[in-house]
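K.L.:
Attaching a single structure in structure tokens format; questions to follow.
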Amino acid sequence: MTKNHLEIIEEHESCVRSYVRSFPTVFTQARGYKMWNEDGKEYIDFFSGAGALNYGHNEPNMKKKLVEYILDDGITHSLDKATEAKSEFLHKFHEVILQPRNLDYKVMFPGPTGTNTVESALKLARKVTGRTEVISFTNGFHGMTIGALSVTGNSMKRKGAGIPLNHSVTMPYDQFVNESDEMDTLAYLERFLDDNGSGVSIPAAIILETVQGEGGLNAARFEWLNKLDAICKKWGILLIIDDVQAGVGRTGTFFSFEPADIKPDIVCLSKSIGGYGLPLALTLINPELDKWKPGEHNGTFRGNNHAFITATEALSYWEDPKFEKSIQDKAVKITDFLTNMVEKYPEMKGFVKGRGFMQGISSDIDGFSEKVCENAFNHGLIMETAGGHDQVFKLFPAINIDEEGLEKGFELIERSIKDTIKQMKLEKETVTN
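The structure is reproduced here in structure tokens:
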């Protein structure tokens, strides 16, 4: 008997696979914010490749440029040799993104994934400061390789390392203890830095996400970020912002830290910086810190020219200020929708988390958010959960999604919330009887 695709994957792929378990269908096509499976069923994508597809699937201008480049026998693999594709990306990134924001960074191309840029940032911070420790925050997520895991908060992922994860100290993120701001977590941090008996030495760097994607859409307040930046300057600590998931427009501005008016020493970018879903990562470095020796940190695939082509074309969106404004306008609609859901369905005991196109609802009911995502998939909408207990269902639409797509997604989410409430009531009645 001929096996179907899911059966083949289950038989041959490692049990480490995860998303195929949440979305058990075989996808064959995708365009914009829509995907289709092998039976022709249409899905609205509010997952966007976990933030790697901020411009949607198969964006037509990027696709055209990429196909032309391939058909012209453009360079595919080049390590870090000079190519026209790389030069054009660097020039456009400087002209369209850095210069208008008054940012001055050297651009490093590490390996092509998010964890690669984090590893390079940690390594450089230790190299230029001569210190070993790095401070990270509760619920932070920075990648799955050993260095990145050492500054990641999730206990399940940390255990996967199989060895002790050293030279990192975890501090409480903004409003980690409670959300009423009764405890200033940065006062707690400063006390450790001030006190010689604290057991915490002055670190090489502090690394954080301004909005914690995997950690539950916890959004740091801008005043908290300002104060953290001041602490780093006071103690000579390098500030690393991990913008792998929160960057490239996901929070409403190109960089997630822009509204806080801070300038990190090092910025980590990956996921949507490639524009099309092609692997690419950047480590942005304050020029004064660019102390690498040639080849001191490298990788075979640090010169992904196909990604340079699509990344350069993606930056065209940012040449028009109206694009950023459209993201922010639609983000308000997302906030309004989620706030309405919380008020309309008090049964889910939910509250809104995150900002921009990186928002969701956290439910105090065990398993509720997971069930919402499961029902959403059955209705034709793809989204995932976040948080240490999968307590948040999160909306990650493409930042260029149209109003119609956004409203269709909202409709399916509300239907899924209603279904979940109904199912839980029935389960409760069954247990009572």
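In case it helps, the numbering used here puts the sequence shown at residues 959 to 1391.
Positions of the beta carbon are idealized from the N, C-alpha and C atoms, including for glycine.
(1) Give me the Cα-Cα distance between Ala1334 and Tyr991, rounded to the nearest whole angstrom.
(2) Which partner residues of Cys1331 appear in the DSSP bridge assignment?
(3) According to the Cβ coordinates, are Ile1199 and Pro1222 closer than 8 Å?
(4) Does the beta carbon of Lys1085 sit closer than 8 Å to a beta carbon anywhere in chain C?
(5) Determine the burial state of Ala1356: buried for a count of at least 16 other Cβ atoms within 10 Å of its Cβ, exposed for fewer.
(6) When burial is assigned at 16 or more other CB atoms within 10 Å of the CB, is Tyr977 buried or exposed?
(7) Determine the extent of the alpha helix (DSSP H) in which Thr1390 is found, giving its start and end residues.
(8) Taking the DSSP output, what are the residues bridged to Arg1313?
(9) Check each candidate in Thr1211, Ala1083 and Tyr1013 and name the one with the smallest Cα separation from Asp1248.
(10) Report yes if the CB atom of Leu1166 is closer than 8 Å to the CB atom of Val1158, and no otherwise.
(11) Hey, is the region 1242-1261 in contact with the region 1070-1090, meaning 3+ C-beta pairs nearer than 8 Å?
(12) Taking just the CA atoms, how far does Phe1309 sit from Cys1331?
(13) To which residues of the same chain is Asn1184 closer than 8 Å at the C-beta, ignoring the five residues directly before and after it?
(14) Within 10 angstroms of the Cβ of Cys973, are there 16 or more other Cβ atoms? Answer buried if so, exposed if not.
(15) In its own chain, which residues sit with a C-beta less than 6 Å from the C-beta of Gly1171, not counting the 5 before and 5 after it?
(16) Quick check: Ile1375 and Met1299, are their CB atoms within less than 8 Å of each other?
(17) Do you know whose CA, among Glu1282, Ser1108, Lys1021 and Arg1149, lies nearest Gly1120's CA?
(18) Please confirm whether Pro1070 and Asn1262 have their CB atoms less than 8 Å apart.
(19) Taking three-plus beta-carbon pairs below 8 Å as touching, is the region 1276-1284 in contact with the region 1336-1348?
(20) For Asn1097 versus Gly1205, is the C-beta spacing smaller than 8 Å?
(21) Quick one: is Val1389 buried, meaning 16 or more other Cβ sit within 10 Å of its Cβ, or exposed?
(22) Who are the near neighbours of Lys1050 in its chain, counting only those whose CB is closer than 7 Å to its CB and skipping five residues on each side?
(23) Report all residues from its chain with a CB closer than 7 Å to the CB of His1255; omit the five preceding and five following residues, and keep chain order.
(24) Taking 7 Å as the cut-off, does the CB of Asn1060 come closer than this to any heavy atom belonging to the ligand ADP?
(25) Can you give me the C-alpha to C-alpha distance between Thr1128 and Arg1116, rounded to a whole angstrom?
(26) From the DSSP output, which residues share a beta bridge with Thr1143?
(27) Just to confirm my understanding: we take Thr1034, look at its own chain, exclude 5 residues before and 5 after, and list those with CB closer than 7 Å. What are they?
(28) Are Gly1312 and Val1169 touching if we call contact CB-CB under 8 Å?
(29) In the DSSP assignment, find the beta strand (DSSP E) that holds Met1114 and state where it starts and stops.
(30) Would you kindly check if the distance between the Cβ of Glu1091 and the Cβ of Ala1162 is under 8 Å?
(31) How many angstroms separate the CA atom of Glu1342 from the CA atom of Arg1208?
(32) So, do the region 1005-1020 and the region 1232-1244 have three or more beta carbon pairs nearer to each other than 8 Å?
P.N.:
Let me spell this out:
(1) 15 Å
(2) Paired residue(s): none; Cys1331 is not in a bridge.
(3) yes
(4) Considering every chain present, this structure includes no chain C. It has just one protein chain.
(5) buried
(6) exposed
(7) Glu1361 to Thr1390
(8) Met1316
(9) Ala1083
(10) no
(11) yes
(12) 16 Å
(13) Ala1218, Asp1219 and Ile1220
(14) exposed
(15) Gln1203
(16) yes
(17) Ser1108
(18) yes
(19) no
(20) no
(21) exposed
(22) Thr1270 and Leu1273
(23) Pro1068, Ser1078 and Lys1081
(24) With respect to the ligand ADP, the structure shown offers nothing to examine, as it has no ligands at all.
(25) 13 Å
(26) Per DSSP, none; premise fails for Thr1143.
(27) Asn1263 and His1264
(28) yes
(29) Met1114 -> not in any beta strand (DSSP E); alpha helix (DSSP H) instead, spanning Ser1113 to Lys1117.
(30) yes
(31) 16 Å
(32) yes
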